[in-house]
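For the sequence shown, the working numbering gives the first residue as 474, with consecutive numbering after it.
Here a beta-carbon is modelled for each residue, glycine too, at the ideal position from N, C-alpha and C.
Quantities reported herein were computed from a predicted structural model and do not represent experimental measurements.
Here is the structure we will look at.
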Amino acid sequence: MMLDHLGHAEAAAAIVGAIEGALADGSARTPDLGGKATTAEVGKAIAERI
Numbered sequence: 474m475m476l477d478h479l480g481h482a483e484a485a486a487a488i489v490g491a492i493e494g495a496l497a498d499g500s501a502r503t504p505d506l507g508g509k510a511t512t513a514e515v516g517k518a519i520a521e522r523i
């Protein structure tokens, strides 16, 4: 990620962890990933985990 490249490994890890967590629980998946959430809902779920 760009944050890793810029030397912000902790921030990059927080974002990746939030994405992985949001996808793992299944509530924040768009139709192409087998869910029903909108992109706005997925973004909100990720932001709440950071």
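For residue i, the first and last residue of its enclosing alpha helix (DSSP H)
i, result
"Thr503", "That residue, Thr503, is in no alpha helix (DSSP H); it is neither H nor E in DSSP."
"Thr512", "Thr512 to Arg522"
"Asp477", "Met475 to His478"
"Gly508", "Gly508 -> no alpha helix (DSSP H), and no H or E assigned at all."
Residue closest to residue i, alpha-carbon to alpha-carbon, out of the options
i, options, result
"Asp498", "Ile519, Met475, Leu476 and Met474", "Ile519"
"Leu496", "Glu483, Met475 and Thr512", "Thr512"
Cβ pair residue i, residue j closer than 8 Å
i, j, result
"Ile523", "Ala491", "yes"
"Gly508", "Arg502", "yes"
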